[in-house]
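Protein sequence lines, in the order shown, are assigned to chains A and B. My numbering applies: residue 1137 is where the first sequence begins, and numbers increase by one. My numbering applies: residue 1137 is where the second sequence begins, and numbers increase by one. Structure first, then comments.
2 protein chains.
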Amino acid sequence: MTEHPFGRHNLAYGTAVLDGAPRLVVRMDDDVVDLATACAALRPDLVELVDAAVLNPLLEAGPESWRALRTAVRAWHDDDLASYRRPLAGLELRLPFEVADYVDFYASEHHATNVGRLFRPDGEPLTPNWKHLPIGYHGRSGTVVVSGTDIVRPAGQLRTRAAPRFGPSERLDFEAEIGFVLGNATERAHPIPLEQAREHIFGMCLVNDWSARDIQAWETVPLGPFLGKSFATSLSAWVVPLDAFDDARVRPPDRDESLLPYLDDARLEPWGFDVELTVELNGIPISRPPFASMYWTAAQMLAHMTVNGASLRAGDLFASGTVSGAHEGQLGSLLELSRGGTEPLRLADGTERGFLLDGDEVVIRASVPARESRPELGLGEVRGRILPHAR
Amino acid sequence: MTEHPFGRHNLAYGTAVLDGAPRLVVRMDDDVVDLATACAALRPDLVELVDAAVLNPLLEAGPESWRALRTAVRAWHDDDLASYRRPLAGLELRLPFEVADYVDFYASEHHATNVGRLFRPDGEPLTPNWKHLPIGYHGRSGTVVVSGTDIVRPAGQLRTRAAPRFGPSERLDFEAEIGFVLGNATERAHPIPLEQAREHIFGMCLVNDWSARDIQAWETVPLGPFLGKSFATSLSAWVVPLDAFDDARVRPPDRDESLLPYLDDARLEPWGFDVELTVELNGIPISRPPFASMYWTAAQMLAHMTVNGASLRAGDLFASGTVSGAHEGQLGSLLELSRGGTEPLRLADGTERGFLLDGDEVVIRASVPARESRPELGLGEVRGRILPHAR
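Listed below in structure tokens is the structure:
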């Protein structure tokens, strides 16, 4: 099927600066519609959900409101909408929601295996827990930035054979990930079972979890990644509603270990998604990570994240971890593509990259590819350029 | 000197429910004063800083505003204040600020050594990085709760000799810590040098970083603590301004490794604090952790946390990590007090504890003890009772 990837089957939400003020918009093809203005005329009962600069009030309102709004917007006639559409081109886009807590998972078996081999060459690549639970950790919400934001190269402690030295990271990397935006807050001690994931996962976006591998390697034992990640995390400008992915659901890979009941998804609707990512470095394609290859699903990540009684807030975000497929051209980080920097990647422009250089621009794009039964569904892009360390 | 620990030398801030609405208050002895009401009458120019339910607008406003308000409140005469004072007894207290990002450090050498011996019995107790940088990680902001909130025992995956099983934690613990509340936001790529820590650290509070040791042990490699911590973190109801601690400053312990310049505090005002903690279990004193023994200072933690370019938001919180002294009676967690549960602690009521039982109540208190030159300075308490797992 051919249709615009941001057509009526998508209806992604974003925040655009309109007449000087950030406003919540819905994307239609290459236009945006100011939701509060359109609702005021066409569906006044929904205005309070969308009269905001960000998605958070809608996220708070819960799944019935999400569906009511989506149904309403899908039903609007082109004639009715004509006066509310504004061309996207040239508009400034902002982060479409205020991030409450940010959790990053590690859900790709291929990525975890590749990283395990590089970081722990003498041990098993996967830790003993890996196939029993989706490994994750909390990241820094305050440094989540929107696509297009420049990323200043971080500095930090770098290991040497003697004492550590201080300097700009020499192993700066990207990580191509999918993010899940949450709403419908819960109380503490109320875990979210797999069956209720749809009531809390509002939509999906793209994430570049920038990583300074040298800072990370030195700091990470025993409490995990910290400054190697916390300088910046980039998000796509569009959040695509979960309902738009109904035709993209696929079974996740077979599980090698039997799962505890709270993670056992064998009898559920499939929570894998046929989303294909592409990574470009300075305009040159370098990888095509397949999201369908992820071992752990979003529903499992959410069930695990809350099974200890942790509550959820509207605006919580979790990311999948680096998406890497089984094959050479499907790796979601330079760490893997260059084998820890030992085999620099040869780019089509004749240059080589072990890790990112100042001035490099990384663009990660994703979509559900078109099939006979479905049109292409766009997630847009997450873009960022590396600026030199300033001091 | 004898004076009320929450006298005019303290002026701690909190949030109390007054006439049905949460309001920002300042504590005076055993009373509270609604700041917006008092300022409206006595210092109208300061009302906008305090006309709120939480500290965040004041935290945003920055250190000149913090000092202007503190100076004003100190100068108010008892006669002027009489009509604004309300007895604290019986008031409901709330979390005094909205937590933006929460970072937990690991700054006690004694604690890190004790834990390292228990978790990695065959290795060096301290990891090679420990004396070069303050180890830390991001925790979950959304589950930070105010003192007095009940804590439901978390459940999760527990390691067995075969596959993991699921169940309520059997090794539930407390961690006695000091928290630092931040304001005066910064941009990305603008690290905060040691010399500027005073411009961003607003005040101090007490933290109980509840920990499920069994959940933590299974999940923690390779990305650090996650569900073993994220179910709840309790905070004292009072934030004591940093300026109140001027007479409590002490030199931190001698450093065993020379520090990189951004952490080298040898020529600075001392950033250790002579704060003494006490831990009670069901009313029985079990430990007296000395905060002055901490290896890393708050200024160093803040400098480290931002040296990679991570920005700061008003409402960011970081905690010191468990405060444990060198001696048996100074350990800040049951894990240490019971040597990983192998030597249960004998309580004065004749019972024993390896870890916390349902119904147990932990109360951590702290103050700067009185000396000839200074009155006692109170930080109050952080209190929490364990409820049984519900399912």
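Glycine included, every Cβ here is placed at the ideal spot set by N, Cα and C. For clarity, every value in this text was computed on a predicted model and none was experimentally measured.
Below-7 Å beta-carbon distance, residue i vs any chain B residue
| i | result |
| --- | --- |
| residue 1457(A) | no |
| residue 1476(A) | no |
| residue 1149(A) | no |
| residue 1469(A) | no |
Closer than 7 Å at the beta carbon, the chain A residues around residue i
| i | result |
| --- | --- |
| residue 1354(B) | 1265 |
| residue 1526(B) | 1325 |
is_contact[residue i, chain A] using C-beta, thresh 7 Å
| i | result |
| --- | --- |
| residue 1515(B) | no |
| residue 1288(B) | yes |
| residue 1283(B) | no |
| residue 1226(B) | no |
| residue 1370(B) | no |
| residue 1495(B) | no |
| residue 1491(B) | no |
| residue 1259(B) | no |
| residue 1431(B) | no |
| residue 1272(B) | yes |
| residue 1366(B) | yes |
In DSSP terms, what residue i is bridged to
| i | result |
| --- | --- |
| residue 1370(A) | 1281(A) and 1344(A) |
| residue 1221(B) | 1169(B) |
| residue 1102(B) | An answer regarding residue 1102(B) cannot be provided, because it is not within the stretch 1137 to 1527 covered by chain B. |
| residue 1487(B) | Answer is none; residue 1487(B) lacks a bridge partner. |
| residue 1520(B) | 1498(B) |
| residue 1288(B) | 1523(B) |
| residue 1143(B) | Answer is none; residue 1143(B) lacks a bridge partner. |
| residue 1151(A) | 1160(A) and 1230(A) |
| residue 1466(A) | DSSP lists no partner for residue 1466(A). |
| residue 1377(B) | 1339(B) |
| residue 1238(B) | 1275(B) and 1453(B) |
| residue 1315(A) | 1341(A) and 1455(A) |
| residue 1412(A) | 1426(A) and 1503(A) |
| residue 1386(A) | 1408(A) |
Assumed close pair residue i, residue j - CB separation to whole angstroms, cut-off 8 Å
| i | j | result |
| --- | --- | --- |
| residue 1519(B) | residue 1377(B) | With a Cβ gap of about 22 Å, residue 1519(B) and residue 1377(B) do not count as contacting. |
| residue 1428(A) | residue 1401(A) | 15 Å between Cβ atoms; not a contact. |
| residue 1461(A) | residue 1246(A) | 6 Å |
| residue 1304(B) | residue 1367(B) | Their Cβ separation, rounded to whole angstroms, is 11 Å, which puts residue 1304(B) and residue 1367(B) out of contact at 8 Å. |
| residue 1502(B) | residue 1492(B) | Actually they do not touch by this definition, with Cβ atoms about 20 Å apart. |
| residue 1496(A) | residue 1522(A) | 5 Å |
| residue 1355(B) | residue 1265(A) | 6 Å |
| residue 1364(A) | residue 1384(A) | Actually they do not touch by this definition, with Cβ atoms about 32 Å apart. |
Under 8 Å by beta carbon: chain A residues contacting residue i
| i | result |
| --- | --- |
| residue 1237(B) | 1276, 1277 and 1278 |
| residue 1398(B) | 1302 |
Distance CB(residue i)-CB(residue j) smaller than 7 Å
| i | j | result |
| --- | --- | --- |
| residue 1345(A) | residue 1311(A) | yes |
| residue 1139(B) | residue 1192(B) | no |
| residue 1359(A) | residue 1273(B) | yes |
| residue 1330(A) | residue 1404(A) | yes |
| residue 1162(A) | residue 1209(A) | yes |
| residue 1216(B) | residue 1178(B) | yes |
| residue 1454(A) | residue 1316(A) | yes |
| residue 1339(B) | residue 1375(B) | yes |
| residue 1248(A) | residue 1262(A) | yes |
| residue 1445(B) | residue 1276(B) | no |
| residue 1458(B) | residue 1468(B) | yes |
| residue 1221(B) | residue 1169(B) | yes |
| residue 1351(A) | residue 1259(A) | no |
| residue 1243(A) | residue 1456(A) | yes |
| residue 1301(A) | residue 1308(A) | no |
| residue 1328(B) | residue 1194(B) | no |
| residue 1146(B) | residue 1396(B) | no |
| residue 1152(B) | residue 1231(B) | no |
Under 9 Å by beta carbon: chain A residues contacting residue i
| i | result |
| --- | --- |
| residue 1423(B) | Residues of chain A passing the Cβ test: none, with the nearest at roughly 23 Å. |
| residue 1242(B) | 1358 and 1359 |
Chain B contact residues for residue i, given Cβ-Cβ distances below 7 Å
| i | result |
| --- | --- |
| residue 1351(A) | 1444 |
| residue 1381(A) | What residue 1381(A) touches in chain B: nothing, since even the nearest Cβ is about 26 Å away. |
Neighbour list for residue i in chain B, Cβ cutoff strictly below 9 Å
| i | result |
| --- | --- |
| residue 1269(A) | 1292, 1293, 1300, 1354, 1355 and 1363 |
| residue 1449(A) | 1277 and 1278 |
| residue 1392(A) | Within 9 Å Cβ-Cβ: nothing; residue 1392(A) doesn't reach chain B, min ~12 Å. |
Cβ of residue i within 7 Å of any chain E Cβ
| i | result |
| --- | --- |
| residue 1486(B) | In the structure shown, chain E does not exist; the protein chains are A and B. |
Chain-ordered chain B contacts of residue i [CB-CB under 8 Å]
| i | result |
| --- | --- |
| residue 1452(A) | 1278 |
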